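Residue numbers (our numbering), protein chains in the order written: chain S, 3 to 352; chain L, 3 to 352; chain D, 3 to 352.
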């Protein structure tokens, strides 16, 4: 029932695709353009996620895993690539940070909170979450190192280090795919209603292609409006990147995670949220470093001090909470509170 | 038996109430005044704690929880308010840090050490301690953020951030009350001898009122002596705040925690020590920020670098040790060693 | 079979003892001297370890424990003492850091990786590893504190603090010996083939004496070549200390840990790797501080920023991975990846 309403809402939001295009053509107010492009991306990301999921079920674990790796955070990747092209390095890095802490704290927190209401506790496979937690801790160390040495290294050395760390993160990500798709596949087995295909293969492929193209278009509009919007609203590009862009790129996915938690399927819910964080840190971030390097205008992995602390704190606390394989509403509230504190700082930083 | 002796010692210390007042009236040496006020506070805090406990047993969980929240760390709060009024912001913040690490490391350490002697291991409810640990980790993040951004923000922004974080910490504290008093009450059920009322209600109320008033008086004497004492002994206000004031305010409570551990009631013992840390971080600290703000001379939450590291280290290591729900004397010794290292630094800092 | 080959390889490497001596006498190229001294130390350290183990089995737990404490990391200690004498403080501290992270990340990682191939999972006693983890966390805090305050303290105060922290670390180490040799001996019981003596006592003593003397000689050659080697290869002394010296001093031990993991004896394997880290942090480091102080040229415990972060990250992540008493190849790969990232930074730092 909730699912039905949810799909219907997504459908209605599709109207913002033509609206945003008209706005762009009319050179409308940049805030209206930003908002309409954002609202258009939400359902597109949702349908892309759905199509990826449906296709994955029908092509076997191996290709399914690759599909998920490619399209799982495709919206974020596309937005980031346009921001990269526009030279908005701070926004790109901020959206990476925001994606990681948003998934680990806000989404996991909401899932545990709403799922935990009226329940004594919810349980999940702590082993699978442990793999994700350690991956994120590893990525956090990789992401803080360039920042740590940036003041004693020259720019080229930091660049070299960023590339080296990106390579190590990518290799580790590939290892985790081998783990989840081959050697320890059974830990990730999907069972029950959610695992049966609901769309025919052709529909899934078509939706995947269509959404990819339109998301690319909308992302260009969105990124083009970041600077004027930040100026007219008095928000920093950092805040827009960390909080706004990160939430838009994942909105549909987020709703799914929370709905799954309310249905007491915590494994699926945490899998979405934590898996998404892991993918951003170990796949998207390194890929962006390599792309920017190929383009000849390399983006380093030097995050600012505050982003570093936010990611480390998120990793440690999310690990504390998920280590025992149980959650309750208070743990959810704690994660949300942590996110709120971080959002407050990002809002105030100029 | 141990309990009897313990009450007797507390009773004897009451003699320092008149002694300290006479000292003040005679303008006696400030060290003697400081010591006698401190010795007077110890039994007062003890009887206030006892009265709070007795009253809580007889008024139902809801009001009992509020009573505990209000009077549980009332001594520290009263001392801090007088120090705040005297403008001794560093002492106030140092006593907060000292209260948190003192409870988490020294008291928990002594409890695990003395309780663990001659025992293979002691067990406790790791779930309840997990709630406390996460609360503290959350508070630690909140408490370090203003320090982290203090050099890039102007004073007003840091002040705003401190108020925002205080509000979030208070809300989280209220959530934890709802958790322990309503939705997950059964986890905290008190069973056995310790849970039956031993004092009539009227006695408890009377003791509560009397001790509150006298503690307020003695705290004023104590705080007034901090500056001259620090000068004549060559100790910093930081050291007096972190180590001395923090220990005095909790001395009676601390003894109770250790005695309970020796009786192998680790749940009660850790509940006192960890619960007290949690209250300081999520209730006392935010309340002081709001009080100072209402007084027009706002105290920010900018702790110094070393306090920040001390709190983070305490949170992480205490969590490592308590995560498995078991303790032994070596774990106790480890926590004490950690406290000793921190005390050495606070002693040497000028 | 693997064991046989392994001993044979060690035996062959002994040929580098005369080679290195001839090189020194002929004033040969310093790189060749460095390499041959290093290759000579590997089998010597291996036989010293074997002799210590054999002797320990035959003298009872008490003296056996002391033997292990004394000779367990004797090679590292001897190398460090010569480096101390040569005034190479940075190399000494770097080899301590390198020894700690090398054991925790590279060796533990290789053990979990190679042991975990073709196995669903391997299990180990999480309680024993928990003691080691907490010890290391404690030591990490002790080792970062002087660095943290070095810029606000004068040199003498930092020196005093280093001595105080060294004393606390040593006391804690003694506590851990009491724990493992007396009060909780049964947790460390050795059972099976590996625990029966294979060498007569006299052989063990003779080998112990001979290797100690020759290692001392070779260490002097090795340390003497550090400076010219670092200059001619363009490597920093830091990198040589953290990565090269730390690996040489432990090469034989490391192989044993990995072989044990492949035989699915994870308790022994992790015991070697984690126990070695613990000994370096709580025994070797403090002893070096005291020795340098007695020599009148005190070495402080001020590690550089990057060493501090490396040790903390290693402690936290190794703890995450070993907390559940289970390992698999992916966890091994994660630890190796972490080590690779750190080695990259140490390689780039000038």
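A virtual CB, placed ideally from N, CA and C, is assigned to each residue, including glycine.
Keep in mind that this is a model prediction, so the values were computed, not measured.
For residue 182/S, there is no enclosing alpha helix (DSSP H), since its DSSP letter is neither H nor E. Comparing alpha carbon positions, the residue from 43/S, 148/S, 111/S, 77/S closest to residue 15/S is 43/S. Closest in alpha carbon position to residue 295/S, among 48/S, 21/S, 83/S, 13/S, is 83/S. One thing to note: residue 343/S has its Cβ within 8 Å of the Cβ of residue 147/L. Among the residues facing chain D, residue 283/S is not included, as its CB has no counterpart in that chain under 8 Å away.
Between the alpha carbons of residue 266/L and residue 117/L lies a distance of about 6 Å. What residue 322/D touches in chain S, judged by beta-carbon distance under 7 Å, is 135, 136, 139, 321, going in chain order. Residues 106, 135, 138, 139, 142 of the same chain have their beta carbon placed closer than 8 Å to that of residue 317/D, with the five preceding and five following residues left out of the count. At a beta-carbon threshold of 9 Å, none of the residues of chain L lie near residue 68/S; the nearest stands roughly 36 Å away.
Note: residue 125/L is bridge-paired with 328/L in the DSSP secondary-structure output.
For residue 29/S, the secondary structure class from DSSP, reduced to helix, strand or coil, is coil. A contact between stretches requires three or more CB pairs, one per stretch, nearer than 8 Å, and the region 280–292 of chain L meets this requirement with the region 157–172 of chain L. Proximity to residue 322/D across 205/D, 333/D, 312/D peaks at 333/D, based on C-alpha coordinates.
For residue 149/L, no CB of chain S lies under 8 Å from its own CB, so it is not counted at the interface with that chain.
Per DSSP, reduced to three states, the secondary structure at residue 152/D is coil, with no helix or strand assignment.
With a threshold of 8 Å between beta carbons, residue 103/L makes no contact with chain S. Within the region 142–166 of chain S, the residues whose Cβ lies closer than 8 Å to some Cβ of chain D are 143, 144, 146, 147, 150, 151, 154, 155, 159, 162, 163, 166, listed in chain order. Considering only 150/S, 177/S, 176/S, the residue with the shortest C-alpha distance to residue 164/S is 150/S.
Among the residues facing chain D, residue 336/L is included, as its CB has a counterpart in that chain under 8 Å away.
Residue 269/L sits buried, since 16 or more C-beta atoms from the chains shown fall within 10 Å of its C-beta. Within a 10 Å sphere around the beta-carbon of residue 45/S sit 16 or more other beta-carbons, which makes this residue buried. The region 237–247 of chain L and the region 89–101 of chain L touch, with no fewer than 3 CB-CB distances between them shorter than 8 Å. In this structure residue 90/S is buried. Its beta-carbon is surrounded by 16 or more other beta-carbon atoms within 10 angstroms. Chain order gives no chain D residues near residue 99/S, where near means a beta carbon separation below 8 Å; the closest approach is about 18 Å. The continuous alpha helix (DSSP H) containing residue 91/L extends over residues 91–103. In the pairwise beta carbon analysis, the region 212–232 of chain S is classified as touching the region 72–83 of chain S: at least three pairs are separated by under 8 Å.
For residue 286/L, the closest Cβ of chain S is not nearer than 8 Å. Only residues of its own chain outside the window of five on either side were considered, and among them 56 have a CB closer than 6 Å to the CB of residue 201/S, listed in chain order. Residue 226/D and residue 300/D have their alpha carbons spaced roughly 21 Å apart.
With a threshold of 8 Å between beta carbons, residue 343/L makes contact with chain D.
DSSP, reduced to helix, strand and coil, places residue 305/D outside both helices and strands of the structure shown, so it counts as coil. At least one CB atom of chain L sits nearer than 8 Å to the CB of residue 178/D. Within the same chain, Cβ atoms closer than 7 Å to the Cβ of residue 228/S are found at 90, 93, 239, 242, the five residues on either side in sequence being excluded. For residue 181/D, a Cβ of chain L is located within less than 8 Å of the residue's own Cβ. Using a Cβ-Cβ cut-off of 7 Å, residue 132/S is close to 326 of chain D, given in chain order. Where residue 85/S is concerned, the enclosing alpha helix (DSSP H) starts and stops at 76–87.
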